[in-house]
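Shown next, in structure tokens, is the structure this report addresses.
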């Protein structure tokens, strides 16, 4: 039991670090790398506040602590 409590405390601290909010520009760059790896010729990624999202199906990421979304649109 005495070993269990420190282990649980470490797991809680580690999960908090993993769930840290990601800056929008960093996340957008990561998404762009994945899209380009799939050879998508023409697309748009836009960072928008949550209340400006018009189509939830176009959201590919959430950033800045959940206050903004990254919206993907394939062109052409």
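Residue numbers (mature numbering (1 follows the signal peptide of the UniProt record, and there is no 0)): -19 to -1, 1 to 57.
Glycine is no exception: its CB is placed at the ideal position from the N, C-alpha and C atoms.
Sixteen is the threshold: when 16 or more other Cβ atoms of the shown chains lie within 10 Å of the Cβ of residue 52, as they do, the residue is buried. Taken through DSSP and simplified to helix, strand or coil, residue 35 comes out as coil.
Scanning its chain for C-beta atoms nearer than 6 Å, with the 5 sequence neighbours on each side dropped, one finds around residue 30 the residues 49, in chain order. The residue from 7, 16, 22, 14 with its alpha-carbon nearest to that of residue 28 is 7.
Taking C-beta atoms under 8 Å as the contact rule, residue 12 and residue 41 qualify, at a distance of about 6 Å.
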